[in-house]
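Asker: Residue numbers (this note's numbering): 8 to 276.
Please read through the structure below; I'll follow up with questions.
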Amino acid sequence: MTEKLNKESISEAVAGLPIPQIVYFEETDSTNEQALRLAANQAEEFTLVIAERQSAGRGRLGRHWVTMEGTSLAFTIVLKPAPAEIPHLSIFSLLGGLATCQAIHSTYGICAQVKWPNDVLLDGMKTAGILAESCWQNEQLSDLVLGIGINVLAGSVPPAKEMLFPATCVQTHCSQPVERLVLLRAVLEKIIGLRGSILESSFIEKYSRHMAFIGQSVKLDSNSGEAVIGELVGVDQDGRVILRDENGEEKSSPIGDLHLRPQDVSDLD
Ligand code: BTN
């Protein structure tokens, strides 16, 4: 376990970045929840909410997210989608995954991959998860909060029985010491750097370069309980995953949980 985070050390770590406000909690329910509250009260783009502990950390698809004190990062950034971006909201959730992969690579030289839409993997094991949630005012989308949880140091990985997918932490894959605040700054730099290009084809090209399981047989569980099997082709300009079925037909989906299909199990046949 490293030193506890505090407002001063966080401010120092992100100095020079265009972050208008930093809200630090030693413990809160969920940094996404706090960021949604701030967003509803006019918080500006790139407002940062960060916590050492979360008592009700949220994951995708209604799951719980565990944040281990002293060894993890749990933070949320407020984003304000422009009118032209509102029809393409799924892209925002890819932003967190791509920024985290790029930050790990540029800081520690190790290749992280993103399991669509935004689980960050190291050697096929999950090291970070991202949850994008939106804030509505008068039936109009006003803000989007992008929450990122990273298992950074040994001790951050929850017990295997609590995990749906094998998990790891960044330090396990690095020979040099990993510092939480160095990684925090790198992720924020990448988010800020990529933010203006999310509707450009270059953004999807960069995302696709980091995508895990391309060309492999995968199973996509939709939240309606339906599963689709096919070869993973990539993502379209709206961030929907594209699978090619056995007849060569391509289908895209905006939501779901992707799994590498085990070679020896024909669970849908
Ligand atoms: C997932 O993999 O299911 C997404 C996990 C997202 C966790 C982060 S931790 C910071 C932010 N606050 C939350 O309550 N959730 C996100």
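Just so you know, even glycine gets a beta-carbon here, dropped at the ideal spot from N, CA and C.
Bear in mind the structure is a predicted one, so any value in this text is a computation, not a measurement.
Confirm, please, whether the CB-CB distance from V56 to T38 is below 8 Å.
Answerer: Result yes, Cβ atoms of T38 and V56 sit closer than 8 Å.
Asker: Return the residue from the list G64, E59, A139 that minimises the CA-CA distance to P88.
Answerer: Out of G64, E59, A139, A139 has the C-alpha closest to the C-alpha of P88.
Asker: Answer with buried or exposed for F172, where buried requires no fewer than 16 other C-beta atoms within 10 angstroms of its C-beta.
Answerer: By the neighbour-count rule (16 or more Cβ atoms within 10 Å), F172 is not buried but exposed.
Asker: Are there any heavy atoms of the ligand BTN lying less than 7 Å away from the beta-carbon of I137, as far as the coordinates show?
Answerer: The answer is yes for I137.
Asker: Is M132 closer than 8 Å to A161 when the C-beta atoms are compared?
Answerer: The answer is no: Cβ separation not under 8 Å.
Asker: Here's the rule I'm using: 16 or more other beta-carbon atoms within 10 Å means buried, otherwise exposed. How should A64 be labelled?
Answerer: The sequence given here places Gly at residue 64; Ala does not occur at that position. G64 comes out buried.
Asker: For the alpha helix (DSSP H) holding N39, just list the boundary residues, first then last.
Answerer: Unbroken alpha helix (DSSP H) run through N39: 38-47.
Asker: In chain order, which continuous runs of the alpha helix (DSSP H) of length 4 or greater are located wholly inside the segment 167-213?
Answerer: Correct list: 187-202.
Asker: Could you pull out every residue in the same chain whose Cβ sits closer than 7 Å to the Cβ of D36, ignoring the five residues on either side in sequence?
Answerer: Only Q61, S62, A63 meet the Cβ criterion.
Asker: Just confirm the distance between the C-beta atoms of F210 and L153, as a whole number of angstroms; I'd bet it's less than 8 Å.
Answerer: Actually they do not touch by this definition, with Cβ atoms about 15 Å apart.
Asker: Which value, in whole angstroms, describes the spacing of the CA atoms of L80 and P165?
Answerer: One C-alpha to the other measures close to 14 Å.
Asker: Is W72 near the ligand BTN - that is, is its Cβ less than 7 Å away from at least one heavy atom of it?
Answerer: Yes, the ligand BTN has a heavy atom inside 7 Å of this Cβ.
Asker: According to the neighbour-count rule (16 or more other Cβ atoms, all chains shown, within 10 Å of its Cβ), is G116 buried or exposed?
Answerer: G116 should be labelled exposed.
Asker: Taking the alpha helix (DSSP H) that T107 falls in, what are its first and last residues?
Answerer: 97-115 is the span of the alpha helix (DSSP H), which, as asked, contains T107.
Asker: Can you give the beta carbon distance from K197 to A106, rounded, assuming they're within the 8 Å contact cut?
Answerer: K197 to A106, Cβ: 4 Å. Contact.
Asker: Does the separation of the CB atoms of L227 and V235 fall below 8 Å?
Answerer: For L227 and V235, yes; Cβs fall inside 8 Å.
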